[in-house]
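The structure appears right after this line, and notes come after that.
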């Protein structure tokens, strides 16, 4: 069940990161929290479009938002970002270990 | 232009990684090259469906394939995997630096 949930979270996170506007929103939020309008400012799109991208990011767990009065503040969720990173890192290091073993084997064969 | 191409490649790579079957294919290929039927064996899907997923991975640059006789061999492209990883790592470390600076600031304020 835990594995299924992690798998599903990875689906949503990589899906969220597959769009350049959403990546630029993640990039902005890694420099600190921002309101929705601050997030929208550098993007050439309507506010509703920004909100839609924000919902994808929120659903993936990469971003959380909280509302105070009329302002919604968005912030990055570093643990989720780390989860996506770790999945790739583990695959890459497994490939590098494989390559090291192959190197050792060829060295011994000489 | 280079930035646009990298951005587009990131779109395709994260999109490719957003599916659990494609992630398990990447996982398998990180342990060494495999034929299409070897890749298909642990997956509960038809061969044409596997080929379709493989095409998404190939288009993203994460996997390359070569044909010898009737056998198509698939292998991981570690540089592409590293590009996707690096994008996340850079964002995460930028967030951590921000947090460190905040910590220093609060320390000085005391």
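Protein chains in written order, with my numbering: chain C, 1 to 110; chain X, 111 to 220.
Beta carbons: idealized from backbone N, C-alpha and C, even for Gly.
Check the Cα spacing between residue 134(X) and each of 3(C), 97(C), 52(C), 25(C): the tightest is with 3(C). Minimum Cα-Cα distance from residue 179(X) among the listed residues 145(X), 220(X), 197(X) corresponds to 145(X). At a cut-off of 8 Å, the C-beta of residue 94(C) has a neighbouring C-beta in chain X. For a Cβ distance threshold of 9 Å, nothing in chain C lies close to residue 184(X): the least Cβ distance comes to about 13 Å. Under DSSP, residue 177(X) takes part in a beta bridge, and its partners are 182(X). Short of 8 Å from the beta carbon of residue 39(C), and not among the five residues preceding or following it, lie these beta carbons of its own chain, in chain order: 25, 28, 29, 50, 54, 74. The C-alpha of residue 102(C) is placed about 11 Å away from the C-alpha of residue 109(C). By the rule that beta-carbons nearer than 8 Å mark a contact, residue 174(X) does not touch chain C.
Between residue 82(C) and residue 208(X), the CB-CB gap reaches or exceeds 8 Å. Cβ-Cβ separation between residue 195(X) and residue 174(X): approximately 18 Å, too far for a contact (criterion under 8 Å).
If the five residues before and after residue 143(X) are omitted, its C-beta is found closer than 7 Å to the C-beta atoms of 183, 184, 185, all from its own chain and listed in chain order.
Against residue 14(C), the close residues of chain X are 124, 127, 128, in the order they occur along the chain (beta-carbon pairs closer than 7 Å). For residue 170(X), the closest of 200(X), 204(X), 127(X) by C-alpha to C-alpha distance is 127(X).
If you look at residue 97(C), you'll find it in the alpha helix (DSSP H) that goes 78-109.
In the structure shown, residue 154(X) falls within a coil segment according to DSSP collapsed to helix, strand and coil. Proximity of residue 169(X) to chain C, defined by a Cβ-Cβ separation below 8 Å, is not satisfied.
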